[in-house]
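Below is one structure, written out as structure tokens; comments come after it.
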Amino acid sequence: RCSSTCLAHRRAVQQPSCTVLRIASNSSAKTPTREGHIVKAWRVHEFGPYRDAVVWEDCPDPELPSPDSSVIDVHAAGVNFPDILFIQGEYQIKPPLPFVPGIEAVGTVVEVGSQSKYKIGDRIATTGIGAFGEKMAAQDSMTFLVPPGMNNVDAAAIRIIYETSYMAIKYKAQMQPGEVLLVHGGAGGVGTSAIQVGKALGGMVIATATGERDIKVCFDTGADHVIDWQNEDIVTRVKELTDGRGADVIY
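For the sequence shown, the numbering used here begins at 1 and goes up steadily by one.
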């Protein structure tokens, strides 16, 4: 978890859906920034491998980017493949250096713009840039209120992988109840979200994975069947599992 006091260490929490960064607090070794605020964040000064390019340091306190925006105390941040591309300078968008990476987070609103629809104290999930820090600026158009029953770790994992899978399966593929969804790479972030979306839409879900751990992840996430792609022929098994019908949607 992030806090507004300090960060002493971090750890990656592996959820069935994705990896979420949580940061613990300690009140040592920080310098004041804008208006006396103290902000720590992982920051990139030069593009490169994340182990070398990301530095934990004092940073300027995020400012409101527009009247319809807010600033949040970050509680948890999702870790996604595009984060690696951002840090390496290989994403289609290159933030100006230096920058704080991380594109999805959940936190409590501590500052609001004059036209923001949120209020101080609201807990929101957002996407943007700057999630790997104690504070993050959030545009209203890219945020939503977190339901009371959803914890911070789950909320931090919703925006990227679940919205990607839902848009693809529900709106692009227009999957219908009773149809068969084949999910490749079922144990990954996008894969586990796709399995859950497929089941929520009333489909039969067949996932592909390999290795005891990944196969178990797929079943635990809700897959009806899992094909070990290293030891089984995918096409043959899909036909066997569907009485020759095959998959209606392949993801």
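Virtual Cβ for every residue (Gly too), placed ideally from N, Cα, C.
All of these numbers come straight from a predicted model, not from anything done at the bench.
Proximity of residue i and residue j at Cβ, strictly below 8 Å
{"i": "Val54", "j": "Gly107", "result": "no"}
{"i": "Asp228", "j": "Thr210", "result": "yes"}
{"i": "Glu111", "j": "Thr127", "result": "no"}
{"i": "Arg245", "j": "Val180", "result": "yes"}
{"i": "Pro98", "j": "Tyr91", "result": "no"}
{"i": "Pro62", "j": "Ala137", "result": "yes"}
{"i": "Thr208", "j": "Gly186", "result": "yes"}
{"i": "Arg159", "j": "Ala125", "result": "yes"}
Distance between residue j and residue i (C-alpha atoms, nearest Å)
{"i": "Met142", "j": "Gly48", "result": "28 Å"}
{"i": "Phe132", "j": "Thr242", "result": "44 Å"}
{"i": "Ser66", "j": "Ile195", "result": "37 Å"}
{"i": "Gln88", "j": "Ile169", "result": "30 Å"}
{"i": "Leu85", "j": "Tyr251", "result": "22 Å"}
{"i": "Gln139", "j": "Asp68", "result": "6 Å"}
{"i": "Thr31", "j": "Asn80", "result": "The predicted position of Thr31 is uncertain, since its pLDDT is 38 and thus under 50; no value can be drawn from it."}
{"i": "Gly202", "j": "Ala247", "result": "14 Å"}
{"i": "Tyr118", "j": "Phe144", "result": "9 Å"}
{"i": "Phe219", "j": "Val226", "result": "7 Å"}
{"i": "Asp122", "j": "Glu212", "result": "41 Å"}
{"i": "Gly191", "j": "Lys216", "result": "13 Å"}
Status (buried if at least 16 other CB within 10 Å, exposed otherwise) for residue i
{"i": "Pro101", "result": "buried"}
{"i": "Ala77", "result": "buried"}
{"i": "Ser193", "result": "buried"}
{"i": "Ser114", "result": "exposed"}
{"i": "Glu134", "result": "buried"}
{"i": "Asp52", "result": "exposed"}
{"i": "Val235", "result": "exposed"}
{"i": "Leu151", "result": "Position check: residue 151 holds Asn in this sequence, whereas Leu was assumed. Looking at its Cβ environment, which holds fewer than 16 other Cβ atoms inside 10 Å, Asn151 is exposed."}
{"i": "Met204", "result": "buried"}
{"i": "Met167", "result": "exposed"}
Residue i CB to nearest heavy atom of the ligand FMN below 7 Å
{"i": "Gly133", "result": "In terms of ligand content, the structure shown is empty, and the ligand FMN therefore cannot be addressed."}
Range covered by the beta strand (DSSP E) that runs through residue i
{"i": "Ile206", "result": "Met204 to Ala209"}
Closest Cα partner of residue i within the set the options
{"i": "Ala41", "options": "Gly203, Ser70, Ala155 and Ile129", "result": "Ile129"}
{"i": "Gly198", "options": "Gly188, Val217, Asp214 and Pro177", "result": "Pro177"}
{"i": "Tyr171", "options": "Tyr50, Val249, Val39 and Phe219", "result": "Val249"}
{"i": "Leu44", "options": "Asn231, Ile72, Glu212 and Lys94", "result": "The identity of residue 44 in the sequence shown is Val, whereas the question assumes Leu. Nearest of Asn231, Ile72, Glu212 and Lys94 to Val44, Cα basis: Lys94."}
{"i": "Ile70", "options": "Met175, Met204, Ile120 and Ala223", "result": "The sequence as given places Ser at residue 70; Ile does not occur at that position. Measuring from the Cα of Ser70, the nearest candidate turns out to be Ile120."}
{"i": "Ala223", "options": "Pro96, Ile206, Ala156 and Lys239", "result": "Ile206"}
Limits of the unbroken alpha helix (DSSP H) element including residue i
{"i": "Val197", "result": "Gly189 to Ala200"}
is_contact[residue i, chain D] using C-beta, thresh 8 Å
{"i": "Val74", "result": "No chain D appears in this structure, which consists of one protein chain only."}
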